[in-house]
Amino acid sequence: MRRKIINIIVLIIAYLIMAIPFKVMVVIPGFADIRPITALGPIYSLFFGIPGCIVFALLNLVMDIASDSLRWSSIAGLVANFTGPFLIMLYWTRIPRKDLHLRTPVNVLEFSVTLAVAAVLEAAMITPSVVATDSSVNALVFALSVVANTALFPIIIGIPVIILLKEEFGFKIGK
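Residue numbers 9 to 183, in my numbering, belong to the letters of the sequence shown in order.
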């Protein structure tokens, strides 16, 4: 139990260190901002499982509050920010397969496609609630900003961090 609490505290600290400097980079005022923090979703889910998914989703809600973008649509964001990493975790840890390693271009491509699919699903979950909350928001621009944040940052930042944690620090995926 003590180890789980320590893990959650470490996840929160890592999230805040990465999130706070970027909370002011706005794409759509009140709704979308640039969040490199989305790189942590797959990392948290792969290395910490369901608790990592929960912490990631809740901390995204906290960032909505901190960036003054808390709306009713944040409920959909909470669900999507849990679901995307959760689906990535299911795909890479629950479906019988070899251990995830990102040493070959084919594996990196497969992992990137998984991230992109999860990003599109998250955008499909969040966008309708944002448009319902404020009809002046362009659904396409918003959805594209969600997909860009949720796919590109995990690909650009997340993959190297996963490789580093797994290969250099001995973290186990799905354990």
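For glycine and all other residues, C-beta sits at the position ideal for the given N, C-alpha and C.
**Study point:** Cα-Cα separation between residue 112 and residue 142, rounded to whole angstroms
**Key:** Approximately 44 Å between the Cα atoms of the pair.
Review point. If you drop the 5 nearest sequence neighbours on each side, which residues of the same chain put their C-beta closer than 8 Å to that of residue 96?
Key: Excluding residues within five positions, the ones whose Cβ falls inside 8 Å are 49, 50, 53, 54, 122, 123 and 126.
Point to revise | Where the alpha helix (DSSP H) containing residue 215 begins and where it ends | key: Any property of residue 215 remains undetermined from this structure, which presents the chain solely from 9 to 183.
Review point. CA-CA distance, residue 131 and residue 12?
Key: Their backbone Cα atoms lie some 31 Å apart in a straight line.
**Study point:** Pairwise C-alpha distance: residue 46 and residue 3
**Key:** In the structure displayed, the chain extends from 9 to 183; residue 3 sits before or after that span and is not available.
Check your understanding: How many whole angstroms separate the CB atoms of residue 65 and residue 86, which I take to be in contact at a CB cut-off of 8 Å?
Key -> Confirmed, about 5 Å.
Practice item. With a cut-off of 8 Å on the beta carbons, I'd call residue 110 and residue 116 a contact; round off their distance for me. Key: Correct: roughly 5 Å between the Cβ atoms.
Check your understanding: What residue range is occupied by the uninterrupted alpha helix (DSSP H) comprising residue 99?
Key -> Per DSSP, residue 99 belongs to no alpha helix (DSSP H) and is neither H nor E.
Exercise for review: Assign residue 21 to buried or exposed, taking buried as 16 or more other Cβ atoms, counted over all protein chains shown, within 10 Å of its Cβ.
Suggested key: Burial call: exposed.
**Study point:** residue 60, enclosing alpha helix (DSSP H) - first and last residue
**Key:** 48-74 is the span of the alpha helix (DSSP H), which, as asked, contains residue 60.
Exercise for review: Go ahead and label residue 89 buried or exposed: buried means 16 or more other beta carbons lie within 10 angstroms of its beta carbon, across all protein chains shown.
Suggested key: The Cβ neighbour count for residue 89, taken over all protein chains shown within 10 Å, is at least 16; the residue is labelled buried.
Point to revise | Backbone CA spacing between residue 149 and residue 14 [nearest angstrom] | key: Distance between the alpha carbons of residue 149 and residue 14: 39 Å.
Review point. Comparing alpha-carbon positions, which option in 71, 62, 9 and 61 lies nearest residue 28?
Key: Residue 71 is the option with its Cα nearest to residue 28.
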